[in-house]
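Working notes, beginning with the structure itself.
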Amino acid sequence: MQIVEILKVLEELAPPVLQEGYDNAGLITGNAAWECTGVLCTLDSTEDVISEAIRKNCNLVVSHHPIVFSGLKKITPSGYVQRTVIQAIKHDIAIYAIHTNLDNKLDGVNDRIAEQIGLVKRRVLDPRPGTLKKLVCFVPVDFASKVRDAIFTAGAGGIGHYDECSFNTSGVGTFRPLEGANPFTGTTGKRQEEPELKLEMVYPAAFEKRIVAAMRTAHPYEEVAFDLLPLANPHPGIGAGIVGELSPGMGEQEFLATLKETFQTGVIRHSPLTGRPVQRVAVCGGAGSFLIPKALAGGVDFFVTADLKYHEFFDAEDRMVIADIGHFESEQYTTALLQEVLVRKFPTFAVLKTEVNTNPVRYFK
Ligand SMILES: [Zn+2]
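Using our numbering, read the sequence shown as starting at 1269 and increasing by one per residue.
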């Protein structure tokens, strides 16, 4: 199996188009056409992780954080990033990063954090606009079922916990084949009237190319009439952070103790407690301070994230508690998520989790 087959599964989970503009997710070293010998999943691709991949005969390292983030001007062994890249290239190791595109999915990085905390009624805290679109296409009645099925299979028609959602209106289409046309039905130079169905369905914008391709392939017409419409309502499964409810709620001290125990973090830095019970909780793995206003606006009692600066603790405004549980600690379950997704698809293939603790932060107790 080629590496590209593995990458297809990862890109189905987290399409690269969902990464933030500053990010560098995707294939960083190696060649997607290589035959894959094994996969090693990790949060960070460090020199130790590449050594482990070589030792375990895995020529694909799937990493949450991109080892090359802001560009390299020299490929000399002068820093850990360069050394890691040199080591990977020397040993034909492909490094693939699945970063903010995985942060921006309801079933991504934050899903695992929410699961560990036991949040229910989870939804995206800050849904991203422009992620949901609508396809409208016109199909002769006898082919409607085939075209609809093809579009569903390509990923359209999902709304929350429902799939295969569509709306179908019957009507009459007209067209006149011109010289050079090769019409499925009708005669050159004559207006044709054809009973058609108008199919409408929403789809994730990230999958537009393959959805349109599937529609064209299944459709009998030489020229397919269709509209791709932007929608103001965002895709409910795409965006930053997750908010959910604790059921039952608990006291702030008890919740902090639970976080410390669950995430095995050396220390939790937090803003002053409010004295109110914790019911609504927002989470964002890694640096999540950009979501503080959203969490406040969403009536959140407790915001669990990492990488907070001094002044950002003030932003809680005594209306909620902000807790910094550590960057690595918050995202530690991502490795298992990646492994599980790949094992589900390739149950007999070697997909391993790193045994290296890549957390660069230590706590002096
Ligand atoms: Zn991170």
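For every residue, glycine included, the Cβ atom is placed at its ideal position computed from N, Cα and C. Nothing here was measured: the structure is a model prediction, and the numbers come from that model.
#1: For the alpha helix (DSSP H) that residue 1578 lies in, which residues bound it at each end?
#2: May I have the straight-line CA-CA distance separating residue 1681 from residue 1508, to the nearest angstrom?
#3: Label residue 1473 either buried or exposed according to how many other C-beta atoms from any shown protein chain fall within 10 Å of its C-beta, with 16 as the threshold for buried.
#4: For residue 1599, verify whether its CB is less than 7 Å away from any heavy atom of ligand 1.
#5: Is residue 1359 a contact residue of ligand 1, with contact defined as CB to any heavy atom under 7 Å?
#6: Check whether the Cβ atoms of residue 1486 and residue 1418 sit closer than 8 Å, and answer yes or no.
#7: Kindly provide the ranges of any alpha helix (DSSP H) runs that are 4 or more residues long and lie completely inside the region 1280-1325, ordered along the chain.
#8: Could you check whether the Cβ of residue 1509 sits closer than 7 Å to any heavy atom belonging to ligand 1?
#9: Considering just the uninterrupted stretch of the alpha helix (DSSP H) at residue 1619, what are its terminal residues?
#10: Do residue 1553 and ligand 1 come close, with the Cβ less than 7 Å from some heavy atom?
#11: By Cβ distance, which residues of its chain are closer than 7 Å to residue 1397, with the 5 residues on each side in sequence left out?
#12: Can you grab the Cα-Cα spacing for the pair residue 1506 / residue 1445, in whole Å?
#13: Tell me which residue opens and which closes the beta strand (DSSP E) that residue 1364 is part of.
#14: Could you give the DSSP three-state label for residue 1402: helix, strand or coil?
#15: Nearest by alpha-carbon distance to residue 1616: which of 1607, 1601 and 1367 is it?
#16: Can residue 1579 be considered in contact with ligand 1, in the sense that its beta carbon sits closer than 7 Å to one or more heavy atoms?
#17: Are there 16 or more other CB atoms within 10 angstroms of the CB of residue 1467, so buried, or fewer, so exposed?
So, from the data block:
#1: Start and end: 1578-1582.
#2: The question about residue 1681 has no answer, for the chain in this structure spans 1269 to 1633.
#3: Buried, because 16 or more other Cβ atoms sit within 10 Å of the Cβ of residue 1473.
#4: For residue 1599, the shortest C-beta to heavy atom distance toward ligand 1 is below 7 Å.
#5: Every heavy atom of ligand 1 is 7 Å or more from the Cβ of residue 1359, so no.
#6: Contact: yes.
#7: If we require 4 residues or more, the alpha helix (DSSP H) runs fully inside the region 1280-1325 come out as 1315-1323.
#8: No.
#9: That residue, residue 1619, is in no alpha helix (DSSP H); its beta strand (DSSP E) goes 1619-1621.
#10: Checking the Cβ of residue 1553 against ligand 1 gives yes.
#11: Counting only Cβ-Cβ distances below 7 Å, and skipping sequence neighbours, we find 1502.
#12: In this model, residue 1506 and residue 1445 are separated by some 42 Å (Cα to Cα).
#13: 1362-1365 is the span of the beta strand (DSSP E), which, as asked, contains residue 1364.
#14: In the three-state scheme derived from DSSP, where H, G and I count as helix and E and B as strand, residue 1402 is classed as strand.
#15: For the residues 1607, 1601 and 1367, the minimum Cα distance to residue 1616 belongs to 1607.
#16: No, the beta carbon of residue 1579 sits no closer than 7 Å to any heavy atom of ligand 1.
#17: Classification for residue 1467: buried.
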